[in-house]
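These notes are about the structure you will find just below.
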Amino acid sequence: MKCITALFIFTLSFSLPSQAFDLSGKVVDDNGDPIIGVSVVTDVTGVGTATDEQGAFTLPQDVSMTRITFSAVGYRSRQFHPGSLPEKVQLEPVYIRGEDIQVTADRAKVGVTPIAFDNLSSEDIERDYTVGEFPLLLASTPNLHAFSDGGTPLGYSYMKIRGFDDKRISTYINGVPLNDPEDQATYFVDLPDFAANVTDIQVQRGVGNSLYGDASFGGSVNIVTSGFNRERKTTLSFGYGEYTSDGGSVSDIYKQSLEYSSGLIDGRWSFAGRFSKQKTGGYRYNSWYRGWSYYFSVARLDRNSWTELFAYGGPMKMHLAYSGASREVLDADRRANPYHTYSNETDNFNQPHYHLHNIYRLGDRATLSNTLYYIRGRGFYEQFKQDRWYPEYNLDASMTGGEQEGDLVRQQWVEKNQYGWNPRLDIDHDRGRHSMGGSLYYFESDHWGQVVWAQHITGSFDPQHRYYQYNGKKVVGSVWLQENYELTEQLSVLTTAQIRYQRYSFDQAIMGAFRGYDYTVDWLFFSPRIGFNYDFENGWSMFSTFAISSRTPTDAAIYDANDPSIMPSLEIESVSLTASGDSVFQFGDPTAANERVYDFELGGEYRQPGYALGINGFWMRFNDEIIPNGGINDNTGLPITVNADHSVHAGVELTAAVKPREEFKLDGNFSYNYNRIRNHREHLGWVTLNHNGRTIPGFPEYLGNFIVDYNADPFRATMRTHFVGKQFMELNNLDDLAIDPYWTASVSLAYTAKNLLGLGTVTVQARIDNLFDRQYETSGYGDSYVTGVEPNGDLVASGWAEYFVGPERSIYGQVKVDLF
Numbered sequence: 020m021k022c023i024t025a026l027f028i029f030t031l032s033f034s035l036p037s038q039a040f041d042l043s044g045k046v047v048d049d050n051g052d053p054i055i056g057v058s059v060v061t062d063v064t065g066v067g068t069a070t071d072e073q074g075a076f077t078l079p080q081d082v083s084m085t086r087i088t089f090s091a092v093g094y095r096s097r098q099f100h101p102g103s104l105p106e107k108v109q110l111e112p113v114y115i116r117g118e119d120i121q122v123t124a125d126r127a128k129v130g131v132t133p134i135a136f137d138n139l140s141s142e143d144i145e146r147d148y149t150v151g152e153f154p155l156l157l158a159s160t161p162n163l164h165a166f167s168d169g170g171t172p173l174g175y176s177y178m179k180i181r182g183f184d185d186k187r188i189s190t191y192i193n194g195v196p197l198n199d200p201e202d203q204a205t206y207f208v209d210l211p212d213f214a215a216n217v218t219d220i221q222v223q224r225g226v227g228n229s230l231y232g233d234a235s236f237g238g239s240v241n242i243v244t245s246g247f248n249r250e251r252k253t254t255l256s257f258g259y260g261e262y263t264s265d266g267g268s269v270s271d272i273y274k275q276s277l278e279y280s281s282g283l284i285d286g287r288w289s290f291a292g293r294f295s296k297q298k299t300g301g302y303r304y305n306s307w308y309r310g311w312s313y314y315f316s317v318a319r320l321d322r323n324s325w326t327e328l329f330a331y332g333g334p335m336k337m338h339l340a341y342s343g344a345s346r347e348v349l350d351a352d353r354r355a356n357p358y359h360t361y362s363n364e365t366d367n368f369n370q371p372h373y374h375l376h377n378i379y380r381l382g383d384r385a386t387l388s389n390t391l392y393y394i395r396g397r398g399f400y401e402q403f404k405q406d407r408w409y410p411e412y413n414l415d416a417s418m419t420g421g422e423q424e425g426d427l428v429r430q431q432w433v434e435k436n437q438y439g440w441n442p443r444l445d446i447d448h449d450r451g452r453h454s455m456g457g458s459l460y461y462f463e464s465d466h467w468g469q470v471v472w473a474q475h476i477t478g479s480f481d482p483q484h485r486y487y488q489y490n491g492k493k494v495v496g497s498v499w500l501q502e503n504y505e506l507t508e509q510l511s512v513l514t515t516a517q518i519r520y521q522r523y524s525f526d527q528a529i530m531g532a533f534r535g536y537d538y539t540v541d542w543l544f545f546s547p548r549i550g551f552n553y554d555f556e557n558g559w560s561m562f563s564t565f566a567i568s569s570r571t572p573t574d575a576a577i578y579d580a581n582d583p584s585i586m587p588s589l590e591i592e593s594v595s596l597t598a599s600g601d602s603v604f605q606f607g608d609p610t611a612a613n614e615r616v617y618d619f620e621l622g623g624e625y626r627q628p629g630y631a632l633g634i635n636g637f638w639m640r641f642n643d644e645i646i647p648n649g650g651i652n653d654n655t656g657l658p659i660t661v662n663a664d665h666s667v668h669a670g671v672e673l674t675a676a677v678k679p680r681e682e683f684k685l686d687g688n689f690s691y692n693y694n695r696i697r698n699h700r701e702h703l704g705w706v707t708l709n710h711n712g713r714t715i716p717g718f719p720e721y722l723g724n725f726i727v728d729y730n731a732d733p734f735r736a737t738m739r740t741h742f743v744g745k746q747f748m749e750l751n752n753l754d755d756l757a758i759d760p761y762w763t764a765s766v767s768l769a770y771t772a773k774n775l776l777g778l779g780t781v782t783v784q785a786r787i788d789n790l791f792d793r794q795y796e797t798s799g800y801g802d803s804y805v806t807g808v809e810p811n812g813d814l815v816a817s818g819w820a821e822y823f824v825g826p827e828r829s830i831y832g833q834v835k836v837d838l839f
């Protein structure tokens with residue numbers, strides 16, 4: 020009997036722990052919502068289950084079990100070792116995400132993608148967006164500096180990341196590149212109120228994970244628009260605000276919009292649309308803006324695929340304000356816009372976009388994605404020019420009564436078309452994912468200038484008289500391979516190899532003072548990247564990455580086609596003469612250098628319930644970086660630049676978030692930048708300026724943000740504080756020309772009432788920017804020159820600078836009504 024009892028106790032001692040160590044948990048999506056019916060399969064025959072209505076599961080423990088796989092339709096499968104199984108398993112959407120559908124191609128993921136990035140969720144966008152453009156919406160993300168030339172959210176706005184302007188930041192909408200193929204800039208002004216249809220924005224810093232379009236240096240902005248929404252609704256929005264100066268109202272801003280979402284029809288179809296109208300008088304004089312926009316989407320959901328068609332755009336007209344003002348002018352009047360006083364000096368443009376996306380699930384582990392897109396733009400600048408040489412404008416003496424110089428009004432026109440295709444194949448495997456894809460686009464543009472009025476014209480005159488004409492054609496193609504591989508349960512590696520080819524053809528008509536240059540150039544780049552992620556068990560994770568990236572010069576850096584006095588920056592292979600004695604040049608490779616960067620990053624993150632901390636250090640070594648060098652181009656407003664032989668962008672980025680209570684959250688970030696020229700000399704005839712060790716102008720030494728957010732339904736209050744460090748304006752780093760550090764604060768309030776008077780949900784919002792009415796400059800440009808030599812041999816420099824100002828206190832209110 021004692022033996023039987025001992026045997027029972029011995030057996031019980033093993034059976035009880037076995038039940039105690041049953042594996043249980045919960046499967047959720049990236050919003051934290053439970054996923055029902057997830058298949059939970061192990062490598063032990065007969066051991067498996069599925070999640071219940073709460074997303075929960077329980078598995079009996081087995082000593083021979085080494086792998087647990089979670090899979091569900093519309094989500095990427097994930098595998099875990101039983102010993103490292105988290106309490107909550109989060110699955111990434113492939114193309115179906117319950118309430119929403121997203122294009123997730125290049126998006127970074129915590130613990131998977133070894134780069135520095137931040138996300139703005141739909142809740143963040145709802146909190147922060149009222150009216151305006153993307154750069155100002157993104158100003159609270161780490162190491163991003165945003166400003167506008169007119170002082171308001173409407174009109175030309177710009178962003179810089181780590182000291183790089185938007186020409187070297189890749190911007191995507193649903194995976195489609197937004198940067199202009201010619202000057203590589205991003206014109207957010209052509210997308211008024213587009214943020215109203217955005218559900219998520221991810222800002223990546225550094226070379227990042229961008230795989231389409233031109234290469235990125237400073238980072239990339241990945242914008243995702245609304246997808247499927249099961250809720251049918253119609254929303255009306257009305258917003259109005261005022262800008263003040265010296266305590267009085269000086270200008271207004273308003274927005275009206277109508278949105279519609281059909282919800283999911285017959286479990287398969289979804290329709291959405293929006294019309295918006297926006298207008299402002301601008302903070303600076305002559306910086307008004309008027310535009311309207313539209314957004315439409317039609318989507319179809321099938322058993323193994325998702326297809327969606329987007330169309331968006333809208334015409335706009337605005338008064339130009341791309342030139343700054345000197346401190347002397349601003350001291351007299353903060354709103355001055357001294358170089359753009361002609362009443363019709365306007366930008367008139369319309370750029371509709373059309374996207375077709377399809378994601379097809381080939382099996383449990385393979386997904387094929389394809390995107391086709393077409394972008395068309397057409398518009399012009401109109402400008403008044405004084406004392407111009409008429410022959411440059413194709414005006415001969417017979418047309419001007421023998422006069423050679425005078426005032427005139429010109430228009431610079433452009434028509435452009437871009438056709439593109441982005442294919443991608445993802446294949447999941449037991450230790451990660453294989454991905455491969457490519458990008459191909461064809462771009463063509465026609466440019467011409469016309470004189471619509473001239474001072475000394477005699478007799479009849481064609482108001483569309485042309486004085487220059489040229490066209491450009493560009494073909495850009497790339498292929499890439501990417502492997503995400505789990506080396507161990509905690510260590511993973513992400514490797515990417517990309518080859519990119521670019522061919523550009525330019526053809527100029529012989530007209531007026533323009534000589535009719537014709538050339539074709541091409542480039543081939545290889546861009547490798549490798550990064551590692553390591554997840555500790557105590558909430559810590561680390562990553563490191565190394566990437567090489569290269570970019571071509573902008574088209575204007577090769578040849579400024581608006582200036583008849585210069586030649587293309589190309590090698591001359593041969594020169595021949597025509598019968599009339601004109602020279603014909605045969606051009607070779609560009610003399611303008613390609614930029615090349617070597618990007619090293621090391622970062623870490625610590626997450627616990629209620630708070631999170633992050634740190635990232637970066638060192639970016641450059642060859643032939645394009646840096647500002649002396650003001651802006653009179654024709655385009657773009658910076659005048661030069662290649663620096665060697666330079667470096669380095670720094671540290673800190674982030675923190677604390678949530679002591681469910682309704683209360685504190686967010687903050689701080690970035691320090693060390694942007695220096697390592698080797699660049701400027702030869703000025705009698706003297707050579709050595710700029711080694713100088714700070715690269717145009718970007719703050721530090722940036723910081725602090726956000727306090729209280730969200731207790733139906734009330735929400737948010738206060739933001741923004742800190743900006745010192746900015747040099749030119750290469751000699753003259754302190755008297757630099758922008759001093761500044762800080763600003765804003766506060767916003769919102770109240771939401773549900774089922775008010777039978778109207779559905781009504782939300783009332785109010786926001787005050789520059790709460791303490793501070794005066795500051797946001798950005799600028801300048802140049803310096805040598806005026807003498809000190810007895811000890813040091814050079815004496817002087818210079819000039821012009822600045823863009825931030826607006827004084829402004830207030831904006833908005834009412835949103837969901838009709839049904």
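Take the sequence shown: its letters are residues 20 to 839, numbered as in my numbering.
Each residue gets a CB set at the ideal place from its N, CA and C atoms; glycine is no exception.
Taking 9 Å as the cut-off, decide whether the C-beta atoms of residue i and residue j are in contact.
i      : j      : result
Glu411 : Ser454 : no
Met738 : Val766 : yes
Asn216 : Thr205 : no
Phe342 : Gly656 : Sequence check: residue 342 is Ser here, not Phe. Result yes, Cβ atoms of Ser342 and Gly656 sit closer than 9 Å.
Tyr361 : Gly333 : no
Gln517 : Trp499 : yes
Phe153 : Ile284 : no
Tyr308 : Tyr262 : no
Asn698 : His668 : no
Ala340 : Gly169 : yes
Ignore the nearest five residues each way along the sequence and tell me which others in residue i's own chain have a CB closer than 8 Å to its CB.
i      : result
Ser37  : Unreliable positioning characterises Ser37 in this predicted model, as indicated by a pLDDT of 38, which lies under 50. The coordinate reading is nonetheless provided below. These residues qualify, in order along the chain: Pro79, Gln80.
Leu814 : Val706, Leu708, Val805, Gly807, Val808
Leu703 : Tyr804, Val805
DSSP on residue i, reduced to helix/strand/coil?
i      : result
Phe718 : coil
Ser141 : helix
Ile54  : coil
Arg697 : strand
Pro161 : coil
Val667 : strand
Ile242 : strand
Phe153 : helix
Glu401 : strand
Ile577 : helix
Lys186 : helix
Ser599 : coil
Which residues in the same chain have their Cβ closer than 6 Å to the Cβ of residue i, if we skip the five residues on either side of it in sequence?
i      : result
Gly237 : Ile180, Arg181, Phe183, Arg187, Ile188
Thr132 : Asn228
Leu230 : Asp125, Trp499
Ala820 : Met748, Leu756, Gly799, Gly801
Per DSSP, what are the beta-bridge partners of residue i in this structure?
i      : result
Trp325 : Leu320, Ile378
Can you give me the Cβ contacts of residue i inside the same chain, cut-off strictly under 7 Å, excluding the 5 residues immediately before and after it?
i      : result
Asp41  : Thr77, Leu78, Pro79, Gln80
Asp447 : Arg95, Ser96, Arg384
Ser140 : Asp219
Gly649 : Ile659, Asp802
contact_flag[the stretch 781–795, the stretch 822–832] where n(CB pairs < 8 Å) is 3 or more:
yes
For the structure I just gave you, are there three or more beta carbon pairs, one from the stretch 291–300 and one from the stretch 268–280, closer than 8 Å?
yes
With contact counted as at least three CB pairs below 8 Å, one residue from each stretch, are the stretch 395–404 and the stretch 429–439 in contact?
yes
Whether or not the stretch 322–329 and the stretch 342–355 are in contact is what I'm after, with contact meaning three or more pairs of Cβ atoms, one per stretch, closer than 8 Å; do they touch?
no
Quick check: the stretch 537–557 against the stretch 606–617, are at least 3 beta-carbon pairs closer than 8 Å?
yes
State whether the stretch 507–517 contacts the stretch 484–491, with contact taken as three or more CB pairs (one from each stretch) at a distance under 8 Å.
no
Is the stretch 667–676 touching the stretch 686–694, taking contact as three or more C-beta pairs under 8 Å?
yes
Taking contact to mean at least 3 C-beta pairs separated by less than 8 Å, is the stretch 365–381 in contact with the stretch 416–426?
no
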